[in-house]
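Numbering (the numbering used here), first residue to last: 13 to 429.
Don't be surprised by glycine CBs; every beta carbon is placed ideally from N, CA and C.
Everything numeric in this text was worked out from a predicted model, so none of it was measured.
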Amino acid sequence: MDKLLIQGGVPLSGEVRISGAKNAALPIMCAALLSKAPLRLSNVPHLRDVTTLLTLLGGMGVAVSLDEKLGLELDAGGLHSPFAPYEMVKTMRASILVLGPLLARCGEARVSLPGGCAIGQRPVDLHIKGLQAMGADIRVEHGYIIARADRLKGARIFSDLVTVTGTENLMMAACLAEGVTVIENAAREPEVVDLADCLKAMGANIEGAGTDMIRIEGVSALSGAEHRIMPDRIETGTFLVAAAATGGSVRLRGTSARILDAVVEKLREAGATITAEDDGISLCMDGPPKSVNLRTAPYPAFPTDMQAQFMALDCIARGTAVLTETIFENRFMHALELQRLGADIEISGNAAVVKGVAQLDGAAVMATDLRASASLVIAGLVARGETMIERIYHLDRGYECIEEKLSQLGARIKRVH
Ligand code: EPZ
Numbered sequence: 013m014d015k016l017l018i019q020g021g022v023p024l025s026g027e028v029r030i031s032g033a034k035n036a037a038l039p040i041m042c043a044a045l046l047s048k049a050p051l052r053l054s055n056v057p058h059l060r061d062v063t064t065l066l067t068l069l070g071g072m073g074v075a076v077s078l079d080e081k082l083g084l085e086l087d088a089g090g091l092h093s094p095f096a097p098y099e100m101v102k103t104m105r106a107s108i109l110v111l112g113p114l115l116a117r118c119g120e121a122r123v124s125l126p127g128g129c130a131i132g133q134r135p136v137d138l139h140i141k142g143l144q145a146m147g148a149d150i151r152v153e154h155g156y157i158i159a160r161a162d163r164l165k166g167a168r169i170f171s172d173l174v175t176v177t178g179t180e181n182l183m184m185a186a187c188l189a190e191g192v193t194v195i196e197n198a199a200r201e202p203e204v205v206d207l208a209d210c211l212k213a214m215g216a217n218i219e220g221a222g223t224d225m226i227r228i229e230g231v232s233a234l235s236g237a238e239h240r241i242m243p244d245r246i247e248t249g250t251f252l253v254a255a256a257a258t259g260g261s262v263r264l265r266g267t268s269a270r271i272l273d274a275v276v277e278k279l280r281e282a283g284a285t286i287t288a289e290d291d292g293i294s295l296c297m298d299g300p301p302k303s304v305n306l307r308t309a310p311y312p313a314f315p316t317d318m319q320a321q322f323m324a325l326d327c328i329a330r331g332t333a334v335l336t337e338t339i340f341e342n343r344f345m346h347a348l349e350l351q352r353l354g355a356d357i358e359i360s361g362n363a364a365v366v367k368g369v370a371q372l373d374g375a376a377v378m379a380t381d382l383r384a385s386a387s388l389v390i391a392g393l394v395a396r397g398e399t400m401i402e403r404i405y406h407l408d409r410g411y412e413c414i415e416e417k418l419s420q421l422g423a424r425i426k427r428v429h
């Protein structure tokens, strides 16, 4: 198992390029299932989750090809088996995003229920309820979702919880349904908008993506298209927080401040100077950060995927911060590991009280989930001495070449096998 070794204490400086967004690439790759013609994607991040999904799609009969510029072509013309096995789905819950497209394209699908997840139970009942509202016959047997529908019918779907992949699954299914579908209380995340933009390029009829009401008028078939994946706003936020925590000055290219207002706001509150540029965003931080409170909620509020990273920042900030996690029921596991580095954190229910300490001390810690591992990397960058992070396969799921990018910014970090 790979480990990361970090010698802390170096303020990050310089510039790096931000990769394409994992949480846009995954649904958009599944959208390829909706068409018999090829979908060509650029700016796809090189991540374990992307490779996993390519393997899953390949097993269904999707022809996958990479060109010399790392452009990805997905051709679902030869789609022959609408089946997502447990062995694949258990390694990546986002595989559930094949359900809607398979049902819409093939009229049937057999998709393993995603198992449990470290950060929460994460059911998919709203995905299933929405598809049933569109006329699908869905049963759950032996851990598999067995779905059938001659042709899905447009429906008005009200989702009592805001679900990102639920909105994406239903939006994709509705593209080929008969009639109009309206999704109310839809997720407004930029990744949902990026998916809608790709679907529209394929010929879909979608209005309102990015608002809490999305209207889709079904068409008989979708064509191929070309689409460039949007920048990863969580990778952007992670590097900004790492620069702020180490008192550095960085420029991130190929991204935008517009897609992470809530995070930029909090970083400014912590004392960072942030400049939005056309093709990027810069951050400069003099001295230690001030403690900032936060409360996670669906976009455009503060993203849950940035909570762990901010906790690391608050660990070495001046003052006391309260972080409230409202999306997932078990997303504080990084706190236990941060305490091993000397952090002063009290958890009570869905709130964490973080008292800033003058210094963290390097130690051996263990990654438990994707964003928790990012939090430990940030803490290791500021801790005195050496920090070793185990189980970094979690990190590789969502961050492309993170140690290379951090080394480019001056960090003393290396991967040991
Ligand atoms: C997406 O997960 C992201 N993943 C997550 O990013 C992100 O944390 C999450 O949205 C919230 O922003 C992808 O986009 C691939 P939800 P998703 O459905 O869609 C409950 C990362 O680090 N819920 O919006 O699975 C659920 O339990 C990952 O990149 C139901 O109860 O999240 C949660 O409490 C982690 N029933 C809340 O809704 C359902 O049918 C929000 O979940 C669906 C969701």
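**Report entry** Distance CB(Ala49)-CB(Leu86) smaller than 7 angstroms
**Finding:** no
Query raised in the report: I think Ile390 touches Ala324, with their Cβ atoms under 8 angstroms apart; what is that distance to the nearest whole Å?
Result: 4 angstroms
Query - Straight-line gap, Arg117 to Pro312 (C-alpha atoms, nearest Å) - result: 32 angstroms
Requested in this report: For Gly178, verify whether its CB is less than 6 angstroms away from any heavy atom of ligand 1.
Outcome: yes
**Report entry** Stretch pair the region 177-195 + the region 35-42: three plus CB contacts closer than 8 angstroms
**Finding:** yes
Query raised in the report: Are the beta-carbon atoms belonging to Asp381 and Ala130 less than 7 angstroms from one another?
Result: yes
Report task. Consult DSSP for Phe322 and reduce its assignment to one of helix, strand or coil. Result -> helix
Requested in this report: Could you tell me the boundaries of the beta strand (DSSP E) in which Gly292 lies?
Outcome: 292-296
Query - Assumed close pair Met214, Leu188 - CB separation to whole angstroms, cut-off 8 angstroms - result: Rounded, the Cβ-Cβ distance is 11 angstroms, inconsistent with contact.
Query raised in the report: Skipping 5 residues on each side, what residues in its chain have a beta carbon closer than 7 angstroms to that of Leu388?
Result: His346, Glu349, Val377, Ala379, Ile401
**Report entry** Closest Cα partner of Leu84 within the set Val152, Leu65, Leu353
**Finding:** Leu65
Query raised in the report: So what's Glu337 in DSSP terms, helix, strand or just coil?
Result: coil
Report task. Pick out the complete alpha helix (DSSP H) segments inside the region 89-148, 4 residues or longer, and give them in chain order. Result -> 98-101, 111-118, 137-145
Query raised in the report: Pro23 to Lys34, Cα distance in whole Å?
Result: 27 angstroms
Query raised in the report: When DSSP builds the beta bridges, which residues end up paired with Gln19?
Result: Glu398, Arg424
Report task. Look at the alpha carbon of Ala145 and the alpha carbon of Gly119, and state the distance between them as a whole number of angstroms. Result -> 15 angstroms
**Report entry** Secondary structure of Lys48, DSSP reduced to three states
**Finding:** coil
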